[in-house]
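For reference, the structure is listed below as structure tokens.
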Amino acid sequence: MSATTATAAPPAIKLPDLRALIGVGAVLLGTLTSLLNSRLTDIGLADIRGALGVGMDEASWLTTAYVVAEVAAIPSAVWLRSILSPARGVLIGSLIFTMASFLAPFSPNLQVLIAIQAIRGLSAGILMPMAYAVVMRHMPQPLRIYALSFYALVSSLTPAVAASIEGWIMFHLSWEYLFWINVIPGSLTLLAGAYGLANDPIKFLRFRRHDGFGLLALSLGLAALVTALDQGNRLDWFGSGLIVGLLAAAGFLLAAYLIHALRHNDPVVSPRLLARDNIGLSLLVMFVMRIGLMSSAYLIPQYLIRVQGFRALESGTMFWVSALPQIILTPFVAWLIYRLDPRNLVAFGLLLFGAGTLMLTDLTHLWTGAQFLPALLVQSVAAPFIAVPLMVLMTEEITVREIPWIASLVHITRTVSSALGLALVATFTRKQEQLHSALLGLHVESGSAMVQGRIDATASTLEAQAVDPVLATGRATAMLAGTVQREAFVLAYADMFLVLGVTLVLTSLATLFMYRPKLPGKFL
3 MSATTATAAP PAIKLPDLRA LIGVGAVLLG TLTSLLNSRL TDIGLADIRG ALGVGMDEAS
63 WLTTAYVVAE VAAIPSAVWL RSILSPARGV LIGSLIFTMA SFLAPFSPNL QVLIAIQAIR
123 GLSAGILMPM AYAVVMRHMP QPLRIYALSF YALVSSLTPA VAASIEGWIM FHLSWEYLFW
183 INVIPGSLTL LAGAYGLAND PIKFLRFRRH DGFGLLALSL GLAALVTALD QGNRLDWFGS
243 GLIVGLLAAA GFLLAAYLIH ALRHNDPVVS PRLLARDNIG LSLLVMFVMR IGLMSSAYLI
303 PQYLIRVQGF RALESGTMFW VSALPQIILT PFVAWLIYRL DPRNLVAFGL LLFGAGTLML
363 TDLTHLWTGA QFLPALLVQS VAAPFIAVPL MVLMTEEITV REIPWIASLV HITRTVSSAL
423 GLALVATFTR KQEQLHSALL GLHVESGSAM VQGRIDATAS TLEAQAVDPV LATGRATAML
483 AGTVQREAFV LAYADMFLVL GVTLVLTSLA TLFMYRPKLP GKFL
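Using our numbering, the first residue of the sequence shown is number 3, and each one after it goes up by one.
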């Protein structure tokens, strides 16, 4: 990264017309709504289970159905875009999503609700790559960078705030509004998109030229992979024949697609783009960053609920406070891109994000929301410095033909990394909790003077509260076991933050192998 390289001057701003701005705003709103829903039912599962009379294992397929259908639909979006145009794709996706969200609470049983969730995910998978194409087409340089920065903000912000939104809905309303709340933004996306986006003629002849094998292989391979990742921890990974079969199918189908795409003149998504340093490395950085975002958004609320007894609404409140720097800094980082090397911005962001994550390794059972806030603020400051320059590094030197491919790769990376991040975090913390429980248990020997003294002291306190002596001893023993388990969870969470922090810091080395883009871009 040569410091002597001349900095490109920002191009002159040519404002788009009002209709185009409304259309772009519509698709960004639709993207925000879709991303919020990708994990929106996690906290509300308890109420949904109660309403439908099903268990946790069965209800877990509600989230899986959404994310699997979403990732499976992304390759189809590339094909549909070439036939229908991005504008029609946005309208179709938002219409289906809005209708399915309205109908979901009327589901008579779990099977119907899972099917509707799959339809919602399918429409989201169509909508989001179309939104990317709309931004690239309708926004002139340099306004495109600001639109893409908002696009990046939406993607990085939603993992943290989704839990808080869901907690608010569950506390003030009911589980039905987890779905109905999407009707208003979905309708706005539909109406504003219909007004502001220009439609190209439908290209019927392209129906005959589609890559059917590639479309099926990539969609089914991604669906099998994400299903395995989403259900793997619950089903004990390789201890489950279903997970083994899904992973084997995913490996076979994705390998078949890769071989096929390298030989095909016009594949669904070109894997050759990954060989370009800026695109392949940017997607790698995005992959790691997404895992870090999902991990913090999952681990911190889990700690507060499990260790401190917080409610879902309380555990998510701090994420809104920590999100403010990210919201404020995102347009500033977009402005900086024309004045500083984007690679340096990404490296700075990764180092800062890693430092914020490492701040969480001092975790103890005494931490409440206030102790997490400094680290979350550091992560919030860091996120725009990663997400926004990555969009420029990936898109600055692509051709018009490659726009849908990049859009698909971005959303495949986001969806797979989210599923993988949650799977890794859940599995790692479960295994580490078991390890720390066993190690701590070695120091809590039954009959030892220290242990017995702790039990007797607790039992005496309980007896003073009019608890039967026999029950008091049993309860005191259970409380000691609970303390051991609590500390094991705390240590497991701290271990996870350490691994994530080190990984983020090491990922900053990827920027050394990127080349500096020639700003401003080609799409003027």
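A virtual CB, placed ideally from N, CA and C, is assigned to each residue, including glycine.
Could you give the distance in angstroms between the alpha-carbon of residue i and the alpha-carbon of residue j?
i	j	result
residue 130	residue 311	36 Å
residue 36	residue 442	43 Å
residue 218	residue 372	48 Å
residue 507	residue 99	38 Å
residue 216	residue 320	44 Å
residue 503	residue 111	43 Å
residue 510	residue 364	23 Å
residue 175	residue 253	43 Å
residue 246	residue 59	18 Å
residue 2	residue 48	No answer is possible for residue 2: it lies beyond the span of the chain, which begins at 3 and ends at 526.
residue 418	residue 198	32 Å
residue 402	residue 499	40 Å
residue 518	residue 341	13 Å
residue 22	residue 434	51 Å
residue 264	residue 255	14 Å
residue 299	residue 73	21 Å
residue 40	residue 181	12 Å
residue 494	residue 200	52 Å
residue 57	residue 51	6 Å
residue 424	residue 400	32 Å
residue 336	residue 194	25 Å
residue 329	residue 164	15 Å
residue 125	residue 513	35 Å
residue 290	residue 231	16 Å
residue 64	residue 172	17 Å
residue 127	residue 225	12 Å
residue 89	residue 151	21 Å
residue 189	residue 97	8 Å
residue 223	residue 237	20 Å
Give the secondary structure of residue i by DSSP, where H, G and I count as helix, E and B as strand, and everything else as coil.
i	result
residue 11	Confidence at residue 11 is low in this model, with a pLDDT of 49, below 50, so its placement is unreliable and no value can be given for it.
residue 509	helix
residue 519	coil
residue 279	helix
residue 312	coil
residue 398	coil
residue 288	helix
residue 53	helix
residue 339	coil
residue 178	coil
residue 271	coil
residue 107	helix
residue 22	helix
residue 526	With a pLDDT of 29 at residue 526, under the threshold of 50, the predicted position of this residue should be treated as unreliable, though the coordinate-derived value follows. Residue state, collapsed to three classes: coil.
residue 369	coil
residue 237	coil
residue 147	helix
residue 232	helix
residue 166	helix
residue 203	coil
residue 497	helix
residue 354	helix
Report the CB separation of residue i from residue j in whole angstroms; it is logged as a contact under 8 Å.
i	j	result
residue 155	residue 386	7 Å
residue 20	residue 191	The Cβ separation is near 17 Å, so there is no contact.
residue 109	residue 185	With a Cβ gap of about 16 Å, residue 109 and residue 185 do not count as contacting.
residue 381	residue 350	About 13 Å; that fails the 8 Å criterion.
residue 284	residue 395	5 Å
residue 279	residue 101	Residue 279 to residue 101, Cβ: 43 Å. No contact.
residue 390	residue 332	6 Å
residue 46	residue 177	5 Å
residue 153	residue 33	7 Å
residue 167	residue 38	7 Å
residue 271	residue 411	6 Å
residue 149	residue 141	5 Å
Flag this pair as yes or no: are the beta carbons of residue i and residue j separated by less than 8 Å?
i	j	result
residue 348	residue 392	yes
residue 85	residue 204	yes
residue 161	residue 296	yes
residue 79	residue 132	yes
residue 68	residue 123	yes
residue 492	residue 366	yes
residue 397	residue 408	yes
residue 267	residue 432	no
residue 327	residue 379	yes
residue 388	residue 352	yes
residue 422	residue 339	no
residue 77	residue 220	yes
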